[in-house]
Amino acid sequence: MSQLDDVRDWVGDEPDDAAVNAALSRYADGDFVVERASLSILLRREANAGPAKWGVAGDYSEDASAGAKTLAERIARLRAIIGDEVSGLPTLTQTPIAGPPGR
C-alpha cells in the first residue's frame, strides 16, 4: 500500500489526492509521516465542523454526535501513536516581574 492509501484509511475519501499529498510532503522529513498527515487533515475537519446537533423546533433536526465522537476518537488514537497526547488543561507558567531598581 502507498502512503496515500494509508492516509485514506484514516480520513476517508475527502480531501482530494492533491491535499493528502501536500499533507504527506509537509511531514516527509520526520517520523510518523502518515499519522501526522492524517492528524492534520482530521484536525482541520474538526475545526471546520459545525455543531453536532441542531434543529428547528417542531420542524427539523440533525444529530451528528456519533460522527463527531468518531472523529474525536480517531484524533485521540493518532495522537497516542505519535506521542502527542493533549491534556484538557493548558500549561501555565509564572514569571516574577521586578520593578525598576531602587524602589
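When you read off a place in the sequence shown, starting at 1, and then add 10, the result is the number in my numbering. Virtual Cβ for every residue (Gly too), placed ideally from N, Cα, C.
Query                                                                                                 : Result
Three CB pairs or more closer than 8 angstroms across the stretch 28-38 and the stretch 57-68         : no
At least three beta-carbon pairs within less than 8 angstroms, the stretch 77-87 to the stretch 36-52 : yes
With 16 other Cβ atoms within 10 Å as the buried cut-off, status of Glu72                             : exposed
Cβ neighbour criterion (16 or more within 10 Å) applied to Leu34                                      : buried
Contact under 7 angstroms by Cβ, Ala78 with Ala90                                                     : no
Three-state secondary structure assigned by DSSP to Ala72                                             : It should be noted that the sequence gives Glu, not Ala, for residue 72. Glu72: strand per DSSP, three-state reduction.
When Gly93, Leu88, Val66, Ala38 are compared against Val21, the one with the closest alpha-carbon     : Leu88
Inter-residue Cα distance where the pair is Ser12 and Asp69                                           : 46 angstroms
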